[in-house]
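Student: Below is one structure. I have some questions about it.
2 protein chains.
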Amino acid sequence: MNHMFVEFIECTKCGEKYKSGLNYNCTKCGSILDIKYDYEKIRDRIDMRRLPISGSGVWRYKELLPIENPSNIVSLNEGSTPLYKAERLGEAFGLRNLYVKDETRNPTGSFKDRPITVAVSKARELGVGTVASSSSGNAGGSLAAYAAKAGLNCIIFAPSSTLDSKLIPIALYGSRIVIVDGTVSDAFYLAKKASEEHGWFNATSTFVNPYQLEGDKTVAYEMVEQTGGEVPDWVFIPIGAGPLLVGCWKGFKELNLLGCTTKLAHMVGIQAEGCAPIVKAFRENTDKVDSWGKLTTIVYAIADPLVGYSQDGTYTLRNIRESGGVAEACSDKEILDSVKLLANKEGIFAEPAGAAVVAGAKKLLDEGKVGSDENVVCVVTGTGLKQMISERFERPKPIRPDSKELERFLEKTGL
Amino acid sequence: MNHMFVEFIECTKCGEKYKSGLNYNCTKCGSILDIKYDYEKIRDRIDMRRLPISGSGVWRYKELLPIENPSNIVSLNEGSTPLYKAERLGEAFGLRNLYVKDETRNPTGSFKDRPITVAVSKARELGVGTVASSSSGNAGGSLAAYAAKAGLNCIIFAPSSTLDSKLIPIALYGSRIVIVDGTVSDAFYLAKKASEEHGWFNATSTFVNPYQLEGDKTVAYEMVEQTGGEVPDWVFIPIGAGPLLVGCWKGFKELNLLGCTTKLAHMVGIQAEGCAPIVKAFRENTDKVDSWGKLTTIVYAIADPLVGYSQDGTYTLRNIRESGGVAEACSDKEILDSVKLLANKEGIFAEPAGAAVVAGAKKLLDEGKVGSDENVVCVVTGTGLKQMISERFERPKPIRPDSKELERFLEKTGL
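Protein chains in written order, with the working numbering: chain A, -9 to 405; chain B, -9 to 405.
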């Protein structure tokens, strides 16, 4: 019943090879592992050249995912999110071919459901009874939901800045929550150590678990399917450590290897000015990303200082450069304005991190790096319903249910 | 370019007929209007007997929807929501064939996107520049999003109990908000009157606008498609005024007329004990629903006292009875417990109104009205992200990022 085309798992630095199992970073050099497939065999078995693949969601690409037995799949119908032509937003910016890949439509409201469906399926396949993760909220909510569906125990490590609106769903799904007095990096290390000690499956959605990137890459497959085989010129992705960007880049490269496409996209990683370690290295034209000091942003979902695992940032930067892409940062004000713009022009309500790509696309267009006729896809990664930027909302004063009072109200507020 | 199979619009009480246009209630007797199609012609043109219809979302059924020209359609990829077999929840209850139709997966997080996509498309078709609605939040959020996508003005009338978490998305989509010092009924009347005076398209999602029920009925089409042509024995739906229930019932009847099915479902309407006008009439075995007095529930999305339009409740009750169904009420405690149960067993996070059907299904099973082998579908209407029942959440105290402190915490909290 082995449906898997995985050949081996390889260290991205020293080249050490591993068999599929409970793998995290390279046990030899500590670097990031990557899953390698037998693309020749995949080409023979399924015709990826004829897109779209039938069915719906992440698991229609199961030949390109690292699960041996489909009966282990734990799914909540993730993926197959809409790709919209953003006509009104594009017009406002002067971008003729602007698209939004709306990842807010995933089951728990963010793209994290893609890596997490793979992780929880792998945990089930390996027979592990407890899954754990460090998370600022979205990955934690996703892991808690999939663990609930699968009947697994779940424990989430969240930094103290994590919003109640991200923790409440996690608690309702039945997960345990550990609030760590520190940053996402502190939570990362505690989750890692505790998972090793207790034998939990560590599903932290950075690069520590090589299986999860395989879920991320399905965003690239879908983009190409949804444009009838076209590859965008530019793909904008909000990045903390950057696994979604690296995953998408891998997805585009695989479509080339499988003979579906002949072109590759330029990958753009967007960070918030208040936590931009990868952008800093890009701007300084160095290869090595350093960890970040003080966080001064409310764009929490991508506020990862990478303390102790700056190699993750270095790896993401290497992938951005390989794609001929850019790393750029936007201010919190630019990002919050883009939340409003995306809602107001396209009817899509994103969290700040999700809308950051919109601010980024405008910036690169204004700087002349992106041309007004080029094909641009903004990956909007998470829903605004879990970070409502309520500080900008002023609740209107109630009026009596009376026509005259309504007319006065309308006049005063200028409709 | 007329793609429409609408024959006429008919009063459900006096039988007066209208042509398609800006219709609300019957101008002769004030009753609810219903849209009638030429099913013979539809049978010739599309083969609804061969389900599923290809494509995705509400608009793949466009022959059964009241829009003349498809270029007027305003869509955010609503519909095609998952139907899950709820294995773990069913096991907990002793229901062998329990399904969840997960309407939280719609673009703005509730089923309201189905009636609203039809309403906003109709507003565009009729050339109206402003849409309005009274709403406790979900319909308002939906209308504001679709109006943003279409570039129309939007104005939402919300009762004073409406939560900030429902108003913030509405404001970000760019809609005007009028908070009405009163109930949803007061907001209803103010929206109705103002729409008449200003020439706005009144998209209030009760029975006032006959087009919107046509979007609701697509839930029934999808249920039948997703079970390979089977009709459930029981369909549970949370009801305020009840258009979703009546719409689904119409959908099942249409599938019969079109030759796709030979069976009909029993429709069960669930209300909260603190606002249960339809259940009261059902229990008292009368035909006429009376409006409700004091609201004593936090299940806001279905807390409609029907003051001034109790005929809507009477109409819904008539449809429930016609289906051989039941109207039942649950306590707020039962409903809040079911939010947790649904999240914990199935990984689905619903708002209280959405999870009310789970409490209702358990109740009817325990009362022996529903058999443990029967096919039961619970329509979970809206996401929990807009009403998080935060009063039940206790934020854990932070711990230092230290293994020993973690072990103490885990021991104390009992993992």
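Note that CB positions come from ideal geometry on N, CA and C, so glycine has one too.
Would I325(B) and A317(B) be called neighbours here (beta carbons separated by less than 9 Å)?
Tutor: Translated into the one-based positions of the second sequence, residue 325(B) becomes position 335. Translated into the one-based positions of the second sequence, residue 317(B) becomes position 327. Cβ atoms of I325(B) and A317(B): not closer than 9 Å.
Student: What residue from G84(B), G69(B) and C320(B) has the CA that sits closest to I268(B)'s CA?
Tutor: The residue labelled residue 268(B) in the question sits at position 278 within the second sequence. The shortest Cα separation from I268(B) among G84(B), G69(B) and C320(B) belongs to C320(B).
Student: Does F147(B) come out as helix, strand or coil in the three-state DSSP assignment?
Tutor: Numbered from its first residue, the second sequence carries residue 147(B) at position 157. If DSSP states are grouped into helix, strand and coil, F147(B) belongs with the strands.
Student: Between K278(A) and chain B, is there a C-beta pair that is closer than 9 Å?
Tutor: Here residue 278(A) corresponds to residue number 288 of the first sequence, with the count starting at 1. Closer than 9 Å: no.
Student: Compare the C-alpha of V209(A) against each of E364(A), R104(A), I145(A) and G11(A) and name the closest.
Tutor: The residue you call residue 209(A) lines up with position 219 of the first sequence. Selected option, being the one with the closest Cα: R104(A).
Student: Contact between the stretch 383 to 392 of chain B and the stretch 355 to 367 of chain B: three or more CB pairs below 8 Å?
Tutor: no
Student: Tell me whether T98(A) is buried or exposed, calling it buried when 16 or more other Cβ atoms sit within 10 Å of its Cβ.
Tutor: Translated into the one-based positions of the first sequence, residue 98(A) becomes position 108. Under this definition T98(A) is a buried residue.
Student: Would you say I25(A) and E6(A) are within 9 Å of each other, going by their C-beta atoms?
Tutor: Position 35 of the first sequence, counted from the start, is the residue given in the question as residue 25(A). Position 16 of the first sequence, counted from the start, is the residue given in the question as residue 6(A). Not a contact, by the Cβ cut-off of 9 Å.
Student: Are the beta-carbon atoms belonging to A407(B) and V168(B) less than 9 Å from one another?
Tutor: One cannot answer for residue 407(B) here, as it falls past the ends of chain B, which runs -9 to 405.
Student: Let me know the secondary structure DSSP gives T276(A) once reduced to three states.
Tutor: As a working mapping, residue 276(A) is identified with position 286 in the first sequence. Coil.
Student: If we define contact as Cβ-Cβ less than 9 Å, is Y163(B) a contact residue for chain A?
Tutor: Residue mapping note: residue 163(B) aligns to position 173 of the second sequence, counting from 1. It does; some Cβ of chain A falls within 9 Å.
Student: Work out the CA separation of T196(B) and S126(A) for me, nearest whole Å.
Tutor: In the first sequence, counting from the first residue as 1, residue 126(A) sits at position 136. In the second sequence, counting from the first residue as 1, residue 196(B) sits at position 206. The alpha-carbon atoms of S126(A) and T196(B) are separated by roughly 39 Å.
Student: Quick check: the Cα distance between I36(B) and N62(B), rounded to an integer number of angstroms?
Tutor: If you number the second sequence from 1, residue 36(B) lands on position 46. If you number the second sequence from 1, residue 62(B) lands on position 72. Rounded to whole angstroms, I36(B) to N62(B) spans 21 Å at the Cα level.
Student: Where does C250(A) land, buried or exposed, given buried means 16+ other C-beta within 10 angstroms?
Tutor: Taking the first residue of the first sequence as 1, we reach residue 250(A) at position 260. When all chains shown are included, C250(A) counts as buried.
Student: In chain order, what residues of the same chain have a beta carbon less than 7 Å from the beta carbon of K253(B), not counting five sequence neighbours either side?
Tutor: Within the second sequence, the letter at position 263 stands for residue 253(B). So the list reads V221, once near-sequence residues are dropped.
Student: For R385(B), return the contacting residues in chain A, with the cut-off set at a CB-CB distance below 8 Å.
Tutor: Sequence index remark: in the second sequence, residue 385(B) carries index 395 (1-based). D154, L157 and I169, listed in chain order.
Student: Is any beta-carbon of chain A found at less than 9 Å from that of D392(B)?
Tutor: Locating residue 392(B) in the second sequence gives position 402, where the first residue counts as 1. True, the Cβ-Cβ gap to chain A drops below 9 Å.
Student: Against G172(B), what residues of chain A qualify as contacts under a CB-to-CB distance less than 9 Å, listed in chain order?
Tutor: Along the second sequence, one-based indexing puts residue 172(B) at 182. Per Cβ cutoff of 9 Å: P388, R390 and P391.
Student: My parser needs the alpha helix (DSSP H) runs of 4 or more residues fully inside the stretch 164 to 238 of chain A; what are they?
Tutor: 174 to 188, 203 to 206 and 208 to 216
Student: Under 8 Å Cβ-Cβ, which residues of chain A neighbour V336(B)?
Tutor: For the purposes of this step, residue 336(B) is identified with residue 346 of the second sequence, where counting begins at 1. Before going further, note that residue 336(B) is Glu rather than Val in the sequence given. Ordered by position in chain A, the residues that pass the 8 Å Cβ test against E336(B) are A138 and K139.
Student: How many Å lie between T304(A) and S21(A) at the Cα?
Tutor: Numbered from 1 along the first sequence, position 314 holds the residue referred to as residue 304(A). Numbered from 1 along the first sequence, position 31 holds the residue referred to as residue 21(A). So the alpha carbons of these two residues sit roughly 11 Å apart.
Student: Could you work out which residues of chain B lie near K240(A), taking near to mean beta carbons separated by less than 7 Å?
Tutor: Here residue 240(A) refers to the residue found at position 250 of the first sequence. Within 7 Å Cβ-Cβ: nothing; K240(A) doesn't reach chain B, min ~26 Å.
Student: Within a Cβ cutoff of 7 Å, which residues of the same chain sit near A161(B), ignoring the five residues on either side of it in sequence?
Tutor: Here residue 161(B) corresponds to residue number 171 of the second sequence, with the count starting at 1. Contacts found: I167.
Student: How many angstroms separate the CA atom of A346(A) from the CA atom of Y299(B)?
Tutor: Locating residue 346(A) in the first sequence gives position 356, where the first residue counts as 1. Locating residue 299(B) in the second sequence gives position 309, where the first residue counts as 1. Each residue's alpha carbon lies about 45 Å from the other.
Student: Do you know how far the Cα of A184(B) is from the Cα of W190(B)?
Tutor: Stepping through the second sequence from its first residue, residue 190(B) is reached at position 200. Stepping through the second sequence from its first residue, residue 184(B) is reached at position 194. If you take the alpha carbons of W190(B) and A184(B), they lie about 8 Å apart.
Student: Please report whether the beta-carbon of G374(B) lies at a distance below 9 Å from any beta-carbon of chain A.
Tutor: Indexing the second sequence from 1 puts residue 374(B) at position 384. Yes, its Cβ sits closer than 9 Å to a Cβ of chain A.
Student: Indicate whether at least one CB of chain A lies closer than 9 Å to the CB of K91(B).
Tutor: What you label residue 91(B) is simply residue 101 of the second sequence in a count that begins at 1. No, K91(B) lies away from the interface with chain A (no Cβ there is under 9 Å from its Cβ).
Student: List the residues of chain B that L79(A) touches, going by C-beta distances under 8 Å, in chain order.
Tutor: On the first sequence, position 89 is the one that residue 79(A) refers to. Simply none; closest approach about 10 Å.
Student: Determine whether the Cβ of M(-9)(B) lies closer than 9 Å to any Cβ atom of chain A.
Tutor: Within the second sequence, the letter at position 1 stands for residue -9(B). Reliability of the predicted coordinates at M(-9)(B) is poor, the pLDDT of 43 falling under 50, and the value obtained from them is presented with this limitation in mind. By this cut-off, M(-9)(B) is not an interface position.
Student: Do three or more CB pairs link the stretch 329 to 347 of chain B to the stretch 70 to 86 of chain B at distances below 8 Å?
Tutor: yes
Student: Given 8 Å as the limit, is there contact between the stretch 168 to 178 of chain A and the stretch 132 to 144 of chain A, that is, 3 or more CB pairs closer than that?
Tutor: no
Student: Mind listing the chain A neighbours of Y14(B)? Cutoff is C-beta to C-beta under 9 Å, in chain order.
Tutor: Reading the second sequence from its first residue, position 24 is the one you call residue 14(B). Near Y14(B) there are no residues of chain A at all, since even the closest Cβ is about 18 Å away, more than 9 Å.
Student: Quick check on the DSSP output: what are the complete alpha helix (DSSP H) runs of length 4 or more inside the stretch 238 to 321 of chain B, in order along the chain?
Tutor: 267 to 273 and 300 to 312
Student: Taking C-beta pairs closer than 9 Å, name the residues in chain A that K183(B) reaches, listed in chain order.
Tutor: To locate residue 183(B), count along the second sequence from 1; it is residue 193. Within 9 Å Cβ-Cβ: S393 and L396.
Student: Quick one: what's L73(B) bridged to in DSSP?
Tutor: Indexing the second sequence from 1 puts residue 73(B) at position 83. Paired residues: K91(B).
Student: Against F399(A), what residues of chain B qualify as contacts under a CB-to-CB distance less than 8 Å, listed in chain order?
Tutor: Position 409 of the first sequence, counting from 1, holds the residue named residue 399(A). Within chain B, the residues near F399(A) are V168.
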